[in-house]
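Structure, as structure tokens:
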Amino acid sequence: MVLCRSSTKNPLAFFCLMLAVVLCVAGSVSASGQTNNSFVNYTLDYDALINPSLQVRLEKIDADLRGKYGMTTAQTAVGVLDLNTLRLAMIHPDRGEYAASVPKVGILLAYFQMHPEAATNLNAQTRHELGLMAKVSNNEMAAKFSRELGLKQIQAVLNSYHFYDTNHGGGIWVGKHYGQGDERYGDPIGDNSHAATVRQLLRYFLMLERGKLVSPAASKTMREIFASPDIPHDDIKFVKGLEGRDVQIIRKWGSWEDWFHDTAVVTGGGRHYILVGLTKHPKGDEYLVDLAKAVDDLMVGNGSKN
Numbered sequence: 003m004v005l006c007r008s009s010t011k012n013p014l015a016f017f018c019l020m021l022a023v024v025l026c027v028a029g030s031v032s033a034s035g036q037t038n039n040s041f042v043n044y045t046l047d048y049d050a051l052i053n054p055s056l057q058v059r060l061e062k063i064d065a066d067l068r069g070k071y072g073m074t075t076a077q078t079a080v081g082v083l084d085l086n087t088l089r090l091a092m093i094h095p096d097r098g099e100y101a102a103s104v105p106k107v108g109i110l111l112a113y114f115q116m117h118p119e120a121a122t123n124l125n126a127q128t129r130h131e132l133g134l135m136a137k138v139s140n141n142e143m144a145a146k147f148s149r150e151l152g153l154k155q156i157q158a159v160l161n162s163y164h165f166y167d168t169n170h171g172g173g174i175w176v177g178k179h180y181g182q183g184d185e186r187y188g189d190p191i192g193d194n195s196h197a198a199t200v201r202q203l204l205r206y207f208l209m210l211e212r213g214k215l216v217s218p219a220a221s222k223t224m225r226e227i228f229a230s231p232d233i234p235h236d237d238i239k240f241v242k243g244l245e246g247r248d249v250q251i252i253r254k255w256g257s258w259e260d261w262f263h264d265t266a267v268v269t270g271g272g273r274h275y276i277l278v279g280l281t282k283h284p285k286g287d288e289y290l291v292d293l294a295k296a297v298d299d300l301m302v303g304n305g306s307k308n
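Residue numbers (our numbering): 3 to 308.
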């Protein structure tokens with residue numbers, strides 16, 4: 003607390019009074035965790051603090067759903083970041099997983115990193131093709147762009163943002179063209195052709211929302227591509243779970259054999275949060291549908307709760 007004697011004729015006293023007001027306002031904002039766009043300066047690093055209450059709730063949701071579908075703790079990894087309050091909860095955040103189509107987000111990032119002019123000058127055909135890759139996970143479009151950019155160059159871009167870290171379980175990895183092709187570079191930790199962790203997927207979409215991927219203009223255009231209103235959502239996983247709710251969703255899902263994943267930014271009705279779910283189980287899709295419902299229920303009306 004700043005203590006000063008009040009006097010409108012004393013410049014020092016007036017300065018102290020104003021400083022006290024600023025500090026009080028800052029303190030109240032910090033305590034509540036709620037300001038407009040409070041996530042703009044938030045960094046999700048390896049020291050990011052978990053919100054104990056949200057963590058307990060998320061762990062219960064996960065345990066209940068695993069019990070329902072006969073899944074073990076080795077078959078699910080989950081994370082949620084409430085961008086309204088900066089509450090964070092994660093389960094197995096740094097465990098590298100085979101990620102199926104989810105790492106296509108890395109191809110999208112690399113395209114704009116290597117074509118910075120596309121942020122404000124992207125032709126309609128390329129925009130649509132990137133939308134097909136990002137929104138409905140079209141392998142042909144993904145391979146077209148990964149071949150154009152180069153696998154090693156794509157990974158170099160991801161590494162430049164520290165989306166892959168060998169000292170912390172791995173992260174987002176693009177080591178193979180989607181579909182047919184012999185060129186392959188396994189990730190250093192799991193030797194997966196495509197990999198991801200919960201933490202790095204949360205970071206990716208956090209940085210997208212903050213306008214920190216390439217540039218504010220590029221992030222805006224990338225977000226528009228994820229939204230692609232001319233391309234319908236695949237009504238599976240998180241989208242199916244949130245059907246009929248007052249929300250807008252941008253997301254990247256992935257499926258291969260028993261690997262079923264989804265990661266999304268959900269906004270609307272007072273909500274603004276990022277949700278990631280990675281599973282390896284035949285019932286993974288059903289788990290993700292129920293996960294989206296349960297987490298969204300937590301977010302509704304809970305903005306002021308610790």
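From the three backbone atoms N, C-alpha and C, an ideal C-beta is built for every residue, glycine too.
Quick one: Cα of residue i to Cα of residue j, how far?
i: LEU134; j: ILE276; result: 22 angstroms
i: TYR113; j: LEU151; result: 7 angstroms
i: PHE262; j: ASP236; result: 14 angstroms
i: LEU85; j: ARG225; result: 16 angstroms
i: PRO105; j: ASN141; result: 12 angstroms
i: ASP248; j: ILE233; result: 19 angstroms
i: PHE41; j: SER221; result: 15 angstroms
i: HIS283; j: ALA126; result: 38 angstroms
i: ARG68; j: ALA50; result: 26 angstroms
i: TRP1; j: GLY246; result: With the chain covering 3 to 308 only, the question about residue 1 has no answer from this structure.
i: SER55; j: TYR48; result: 19 angstroms
i: TYR71; j: VAL138; result: 26 angstroms
i: TYR100; j: GLN115; result: 25 angstroms
i: ASN304; j: PRO218; result: Legend: pLDDT at ASN304 = 48, less than 50; position of this residue unreliable, no value from coordinates given.
i: THR74; j: LYS242; result: 23 angstroms
i: LEU111; j: PRO95; result: 22 angstroms
i: THR78; j: TRP258; result: 15 angstroms
i: ASP260; j: ALA198; result: 16 angstroms
i: PHE1; j: ALA158; result: For residue 1 there is no data in the structure shown, the boundaries of the chain being 3 and 308.
i: ASN194; j: ASN53; result: 31 angstroms
i: ILE238; j: ASN161; result: 30 angstroms
i: ILE191; j: LYS285; result: 26 angstroms
i: GLU131; j: GLN57; result: 38 angstroms
i: ASN169; j: ALA76; result: 20 angstroms
i: ILE109; j: THR281; result: 22 angstroms
List the whole-angstrom C-beta distance separating residue i from residue j, where the pair is believed to meet the contact cut-off of C-beta under 8 angstroms.
i: GLY188; j: GLY98; result: GLY188 to GLY98, Cβ: 11 angstroms. No contact.
i: GLY271; j: VAL302; result: 7 angstroms
i: VAL107; j: LYS254; result: 5 angstroms
i: ILE251; j: LEU244; result: 6 angstroms
i: ARG59; j: LEU300; result: 6 angstroms
i: PHE228; j: ALA136; result: 5 angstroms
i: ALA121; j: VAL216; result: 7 angstroms
i: ALA145; j: GLY183; result: 7 angstroms
i: GLN155; j: GLY173; result: That pair is no contact at about 17 angstroms.
i: LEU46; j: LEU204; result: 6 angstroms
According to DSSP, residue i sits in a beta bridge with which residue or residues?
i: GLN250; result: THR269
i: LEU277; result: VAL82 and ALA266
i: VAL104; result: DSSP output for VAL104 lists no bridge partner at all.
i: MET92; result: GLY81
i: ARG186; result: LYS178
i: ALA197; result: TYR100 and TRP175
i: LYS282; result: TRP261
i: GLY256; result: HIS263
i: ASP167; result: GLY172
Which same chain residues end up closer than 6 angstroms to residue i when comparing Cβ atoms and leaving out the 5 residues on each side of it in sequence?
i: VAL297; result: VAL82 and LEU277
i: GLY279; result: VAL80, ASP264, LEU290 and LEU293
i: TYR44; result: LEU88
i: GLY273; result: The sequence shown places Arg at residue 273, rather than the Gly named in the question. Counting only Cβ-Cβ distances below 6 angstroms, and skipping sequence neighbours, we find MET301.
i: GLY213; result: SER221
i: SER230; result: GLY133 and LYS137
i: HIS196; result: ALA101 and PRO105
i: SER103; result: SER139 and GLY256
i: GLY181; result: ASN141 and ALA145
Compute the minimum distance between the beta carbon of residue i and the heavy atoms of the ligand ADP, and state whether it is under 6 angstroms.
i: MET143; result: By its list of ligands, the structure shown contains no ligand whatsoever, and the ligand ADP lies outside what it can speak to.
Below 8 angstroms CB to CB, which residues in the same chain sit around residue i once its five sequence neighbours on both sides are set aside?
i: GLU185; result: LEU153, LYS178 and HIS179
i: ASN38; result: With a pLDDT of 48 at ASN38, under the threshold of 50, the predicted position of this residue should be treated as unreliable, and no value is reported.
i: PRO118; result: VAL216, SER217 and ALA220
Who are the Cβ neighbours of residue i in its own chain at under 7 angstroms, not counting the five residues just before and after it?
i: PHE207; result: THR265, VAL267 and ILE276
i: ARG129; result: ILE227
i: LEU124; result: THR223
Count the CB pairs spanning the stretch 83–95 and the stretch 161–169 that are closer than 8 angstroms, and state whether there are at least three. No: the two stretches stay apart, fewer than three of their Cβ pairs being nearer than 8 angstroms.
When the Cβ atoms of the stretch 57–70 are set against those of the stretch 284–298, are three or more pairs found closer than 8 angstroms? Taking 8 angstroms as the limit for Cβ pairs, the verdict is that the stretch 284–298 does touch the stretch 57–70.
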